Structure formats: C-alpha cells, structure tokens
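Notes to accompany the following structure.
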Amino acid sequence: MRKPFIVANWKMNMLVEDSVQYGEDLVEKLKRENVDLKKVDVAICVPYIHMAALKVIFVLRNICVGAQNMHYEQSGAYTGEISPAMLSDMGIECCIIGHSERRQHFNETSEACAKKIKAAVMGNIRPILCVGETLNERESGRYKDAVADMLKTSLENITEAEILKTVIAYEPLWAIGTGKTATSKQANEMAAFVRSVIAEKYGKDIADQVIIQYGGSVKPDNIKEIMSMSDIDGVLVGGASLKVDDFVKIVNFDPEIVGKTE
Ligand code: 13P
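Using my numbering, you'd call the opening residue of the sequence shown number 21 and step up by one each time.
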C-alpha cells in the first residue's frame, strides 16, 4: 500500500512573517477539515530561512518541513551551499532534488542528482527526485526517452535500499506554472512509465513500492482526478501551495481516504 504524499514547493516565495502565519493557519485548517495526518504524508518545502520557525509550529503535528535543494558534501568550501548534515541537524525530513528550475537556471545535472540522493538517504532525508520532459520533447514524441535518460543517470549507483526511500516526481516542464496541466491520462501514463523504468533496474516488487508524484499546475479543482490515477501516489504543488486554503483542499483530496473516521 503506497501512502499518499502531498508536497508543497514554495519556490522563492514568502517572508518570515508570512511563513509563520501560513504554518499556524495550516495546522488549524487541517484540523478543522478533519484531515487525518496518519493517512496522508504532508511536507512543505521552503526556503532555508523559514525552516526553524516552521519546525517549531509543526512540532508533534505530523507535517514535515523539507528543503528545495542541498549539496551532496557534508561540509567544506562551498560558499552559499547547505549540506545534508545541516538539514538533518535541523530535523528536515525531505528534500527536492533536480527540480527543472534548478536544472535550467543553475545547471544542475542528473549526475549531481545521483550524488544528492545518496547523501540525502544517508542523512535520513527523503529525496524527491524531479524528472520531466520539455515541450519540444513532448511534441516531437521523444518524451519517454528524455525521462528515461534523466531517470537512469539520476539513479546511477543508487541501491535497492536507497530507491525504496526515494520519491520520484514526474513534472513535465510545459505544465509548470503555465496553468496547463497534463491530462490525468497523460500524467498516469508517465507515472506508469517511470515505474516501469524503475522495475527494469530493481524489479517489479521494488518498483511497486516507490511513491511517484505528479507536478505541474495542480489545483484544488484537478486534484481529485489526478489522485484517482492508478500510478500516481501524490503531488508536488507550486503556485497553489502558496495559499493555505487551496493547499488544504489539495491535501484533503478525498475526505473518504484522508479523513478521520473515529
Ligand atoms: P506549479 O504547481 O506552480 O505549476 O509548479 C509545479 C512545480 O514546479 C512544483 O515543483
């Protein structure tokens, strides 16, 4: 049984005061909506400066605080970087790795992602590896090859134990921040494809346990359909995660599944 995993990616947004208000509102609204945080994993991936305050607000609440990037070395002369050891020390539970915006603007490579996944797992941080094709690759029909290549290089030398702790987020670049969502059928086809690439390397038993998310213009009005797809176990949400009300609706995608029963 794969547990749903709903993740907010704030990207480079929010000031400290806003983030504290958001954290407090989130705790209150999830409680009011009767969301059972034992039935769904929730993480908020934020800029580093917000982590300390949110860790305090979420203490004993089953809401994880995550990072959006990290270095793969534990320490050293890497000005401006944050290490897995620093994140573990703060109790950070997950980290987005290889987001398309980092690949595009900061030259992040799949080779670096492989090192980051290893370092994250070693530090008990759940890596969320992002893969996805460009519009050009989609339209030319090369989208499966593009995603398979990214996946294979990013998982180079990753062991069975490590892949079982890794989450894969399929985020087609043409659907990020564009308001253009992949259809649930397209998203599920690619989630199933990602699972098949993992199965080729690690076997079906392992592939069937890996959490695969969809990301790209996820909103309250499309979440239910996306989450009903057989190979999609969660979502990575950008824009719509910045408003607490919208994010709570996304977390509460189906009250029958994530609601308290008592
Ligand atoms: P949007 O939800 O704003 O399209 O962003 C998706 C994303 O990049 C999440 O990592």
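Every residue, glycine too, gets a C-beta built ideally from N, C-alpha and C.
From a predicted model like this one, the values you see are computed outputs, not experimental measurements.
Just the C-alpha distance for residue i and residue j, rounded to the nearest angstrom, thanks.
i, j, result
"Ile218", "Val79", "34 Å"
"Gly156", "Ala166", "The sequence as given places Asn at residue 156; Gly does not occur at that position. So the two alpha carbons sit approximately 11 Å from each other."
"Asp169", "Thr129", "12 Å"
"Ile77", "Ser160", "47 Å"
"His70", "Ser39", "7 Å"
"Ile102", "Thr179", "24 Å"
"Pro240", "Ser174", "31 Å"
"Glu176", "Asn242", "34 Å"
"Val19", "Val36", "Nothing can be reported for residue 19, as the shown portion of the chain is limited to 21 through 282."
"Asn29", "Arg158", "24 Å"
"Ser108", "Ala140", "9 Å"
Quick one, are the C-beta atoms of residue i and residue j less than 9 Å apart?
i, j, result
"Val278", "Asn272", "yes"
"Val238", "Thr186", "no"
"Lys136", "Ile117", "yes"
"Leu50", "Ile64", "no"
"Gly254", "Pro24", "yes"
"Lys75", "Met34", "no"
"Arg18", "Cys114", "Residue 18 falls outside the range modelled here, since the chain spans only 21 to 282, and no answer is possible."
Quick test of your reading: residue i and residue j, contact by CB under 8 Å. State the CB separation rounded to the nearest angstrom.
i, j, result
"Ser120", "Ile196", "6 Å"
"Val27", "Val257", "7 Å"
"Asp274", "Lys244", "6 Å"
> Does the region 177-191 touch the region 147-158, meaning 3 or more C-beta pairs lie closer than 8 Å?
Replying inline: yes
>> Pairs of beta-carbons, one from the region 248-262 and one from the region 221-228, closer than 8 Å: are there three or more?
In response: no
> Counting pairs of Cβ atoms below 8 Å between the region 38-56 and the region 94-102, do you hit three or more?
Replying inline: no
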